[in-house]
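One structure is given below, encoded as structure tokens.
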Amino acid sequence: MLMPRVSGCLARAFFVSFFFFSCSVASPSPDGDGFLQCLRPKNVPSELVYTQTSSSFTDVLASSIRNGKFFTNATARPLCIVTPRDASHVQAAVLCGRGQGVRLRVRSGGHDYEGLSYRSARPSSEAFAVVDLGANLRAVRVNRLQSTAWVDSGATIGELYYAIAKNDSRLAFPAGECPTIGVGGHLSGGGVGMMMRKHGLSSDKVLDATLVNADGELLDRAGMGEDLFWAIRGGGGGNFGIVLSWKVQLVQVPSTVVAFNIAKTVEQGAVDVLTRWQDVAPCLPSDITLRAIVRGRQAMFQALYLGGCGSLVAMMDDQFPELGMTSADCQPMSWAQSAATPFLSFGRNGTLEEALLNRTTGLSRSNKGKSDYVRRAIPKAAWEDIFPWFAKAGAGFILLEPHGGFMGGVPAAATPYPHRNGVLYVMQYIVTWPQEGGDGGTAATAWIQGLYELMGRHVSKNPRRAYVNFRDLDVGQNDEAGTFEGGEAWGERYFVGNYRRLAAVKAAVDPTNYFRNEQSIPPLH
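Using numbering that gives the first Met the number 0, the first residue of the sequence shown is number 0, and each one after it goes up by one.
Below you can see the structure in the form of structure tokens.
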């Protein structure tokens with residue numbers, strides 16, 4: 000377990016003197032030979048480094064790729080993959096990378112929507128290696144007495160959920176609904192989920208962290224300072240260093256929670272119910288999150304309630320009678336079961352252990368995602384125009400996750416995630432298509448682009464906001480020089496007024512912009 004017991008000064012005193020003595024700065028090596036030679040002598044065991052000539056390289060690279068379109072012959076691949084077992088291996092990779100002109104991309108769970116944690120969208124721009132935290136840095140240590148946990152970035156949120164549930168069924172952590180998401184990326188971008196209206200984002204519950212910065216120093220919260228600690232809790236992954244582990248505050252939950260799924264077809268009044276949902280869901284008591292999914296000719300309403308069936312039925316009857324919820328819709332379960340269901344189908348997913356600890360990935364399908372924030376309810380007439388889109392060729396779905404509750408009481412500048420007060424819900428657009436055969440995603444891509452364009456008149460404006468954990472290169476990419484101005488197009492959409500502060504932190508902690516990708520925070524110079 001990576002605990003914050005090493006100060007930056009102590010870490011640097013040993014590692015900087017050792018690595019720069021045995022691995023002196025050299026001119027950048029496009030083939031990465033200098034990087035590999037720097038790692039070898041006593042620094043990183045050879046069995047933890049996979050080069051392109053290694054027999055296991057392809058399997059290790061594919062082990063947590065979640066999007067088939069980023070695993071083709073055209074995909075720019077790393078020079079090598081480093082699978083560290085402890086902090087010293089990560090420090091070695093950073094110092095050797097800087098000395099040899101090899102940049103690092105960092106992968107936790109592989110869910111980056113654009114694959115930037117393991118591939119480059121600009122194949123000819125620079126040599127890079129991948130630091131794969133998910134291979135070995137996956138420990139979770141729960142402290143029941145303090146209701147806290149230290150969790151490595153390479154763990155999945157499912158592994159975190161499982162460890163918490165095994166220690167105390169009345170403890171939980173507010174995070175996402177997909178158990179295979181990596182903790183590192185999820186917390187770095189904020190972390191929306193089914194308990195955010197009660198307890199906030201995942202990043203709102205971070206108490207401490209350990210990070211290797213661009214100088215190879217191992218820092219905890221005290222060592223990194225409050226500006227950097229602010230930035231890593233929602234400013235996006237791969238920007239300011241490599242976060243190795245997080246100390247998080249756990250929350251209390253009832254021994255039994257209640258979930259439900261209620262579908263409404265167009266014929267059953269889906270348009271009317273969804274229109275009404277926009278006014279209801281953000282204003283419900285914070286103990287309930289009621290999200291909506293629109294797919295085909297129906298809207299599915301899914302809820303997690305931190306209470307009992309009787310009070311839930313009474314609440315819905317009073318505040319959302321249009322949904323027609325009854326006690327027959329109640330699905331009582333433990334919080335851990337609700338987290339294991341993706342979503343609410345526990346009986347079809349085997350045991351709790353199988354559902355939460357399964358890291359299996361598949362490359363048979365490709366996907367594309369986009370996002371929006373809605374601050375004013377979309378009128379019924381607009382939804383009547385929107386619903387036919389879900390019958391078109393290549394159609395995907397949209398997922399609407401309400402804010403309000405705890406989220407509305409957090410100032411926009413409290414963390415890098417600015418989408419707080421006044422936000423009704425975040426909207427995620429998703430399309431998938433088979434990697435082999437078909438039209439190669441042409442219809443699906445046209446569908447999501449067309450619907451996104453149509454929705455422009457109904458969502459936030461100036462800027463049109465987006466969520467960094469639903470990464471979308473369509474909203475902009477850094478210029479080749481990595482300037483602050485070159486990142487404004489996408490930076491202000493993800494972070495609004497917090498973009499400038501993030502860039503100022505970047506300039507202070509990584510002024511040469513070593514940790515860089517197509518949508519990384521540039522330094523403010």
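From the three backbone atoms N, C-alpha and C, an ideal C-beta is built for every residue, glycine too.
The structure displayed is predicted, hence computed values, not measured ones.
- Ranked by Cα distance from Phe300, the options Phe259, Thr444, Pro320, Ala338 are led by Phe259.
- Here Gly215 really is in contact with Leu94; their C-beta atoms are around 4 Å apart, less than 8 Å.
- In this structure, DSSP gives Lys460 a state outside helix and strand, which the three-state scheme calls coil.
- Across the set Trp382, Ala126, Gly33, the C-alpha of Trp382 shows the shortest separation from the C-alpha of Val265.
- Two segments are said to touch when three or more pairs of C-beta atoms, one from each, lie closer than 8 Å; by this definition the region 187-207 does not touch the region 48-65.
- Each of Gly485, Met454, Tyr416 was checked against the Cα of Val373, and the nearest Cα belongs to Met454.
- Each residue's CA atom was taken as its position, placing Leu200 and Val250 some 12 Å apart.
- Annotation: Ser244 is outside any alpha helix (DSSP H); the continuous beta strand (DSSP E) that includes it extends over 241-248.
- Leu303 has Ala258, Thr288 as its beta-bridge partners, per DSSP.
- Where Asn366 is concerned, the enclosing beta strand (DSSP E) starts and stops at 364-373.
- With respect to Ala75, Arg118 sits close: the two C-beta atoms are nearer than 8 Å.
- The C-beta separation of Phe483 from Ala213 comes to about 17 Å, leaving the pair out of contact by the 8 Å criterion.
- For Gly306, the closest of Pro253, Leu38, Ala262 by C-alpha to C-alpha distance is Pro253.
- The continuous alpha helix (DSSP H) containing Tyr161 extends over residues 156-166.
- Within its own chain, the residues whose Cβ lies closer than 7 Å to the Cβ of Val257, once the five positions on either side in sequence are excluded, are Tyr304, Gly306, Gly307, Cys308, Leu311, Cys329, Gln330, Pro331, listed in chain order.
- Residue pairing from DSSP places Asp151 in a beta bridge opposite Ser244.
- With a contact defined as Cβ atoms closer than 8 Å, Ala507 and Pro521 miss out at about 13 Å.
- Taking Gly100 as reference, the option from Phe34, Ala120, Asp131 with the minimal CA-CA separation is Phe34.
- Between Gly233 and Tyr416 the beta-carbon gap is near 4 Å, inside 8 Å, which marks them as a contact.
- The residues Arg102, in chain order, have a CB closer than 7 Å to that of Glu125 in the same chain once the five nearest residues on each side in sequence are set aside.
- Non-local beta-carbon contacts of Phe69 in its own chain, meaning distances under 7 Å to residues more than five positions away in sequence, involve Gly114, Arg118 in chain order.
- Distance from Val247 to Ala86 at the Cβ level is roughly 19 Å; contact not present, criterion being Cβ atoms closer than 8 Å.
- Straight-line spacing of the CA atoms in Pro387 and Arg296 works out to 8 Å.
- By the neighbour-count criterion, in which a residue is buried when 16 or more other Cβ atoms sit within 10 angstroms of its Cβ, Ser326 is exposed.
- For Asp316, the enclosing alpha helix (DSSP H) covers residues 308-318.
- At a Cβ-Cβ threshold of 8 Å, Tyr428 and Ser370 count as neighbours.
- Secondary structure in the region 107-135: the beta strand (DSSP E) runs of 3 residues or longer, each lying completely within the stretch, are 127-131 in chain order.
- When secondary structure is reduced to three states using DSSP, Phe396 falls in the strand class.
- Taking a C-beta distance under 8 Å as the contact criterion, Pro281 and Met314 do not qualify as a contact pair.
- For Ala86, the uninterrupted alpha helix (DSSP H) run begins and ends at 86-99, by DSSP.
- Straight-line measurement puts the Cα of Arg358 at about 33 Å from the Cα of Ala221.
- According to DSSP, residue pairing for Trp382 in a beta bridge does not occur.
- Here the alpha carbon of Asn512 sits roughly 48 Å from the alpha carbon of Ala380.
- In the DSSP annotation of this structure, the continuous segment of the alpha helix (DSSP H) that includes Tyr493 starts and ends at 483-494.
- If the five residues before and after Met223 are omitted, its C-beta is found closer than 7 Å to the C-beta atoms of Leu210, all from its own chain and listed in chain order.
- Within its own chain, the residues whose Cβ lies closer than 8 Å to the Cβ of Glu517, once the five positions on either side in sequence are excluded, are Glu113, Leu115, Ser119, Ala120, Arg121, Leu472, Gln476, Asn477, listed in chain order.
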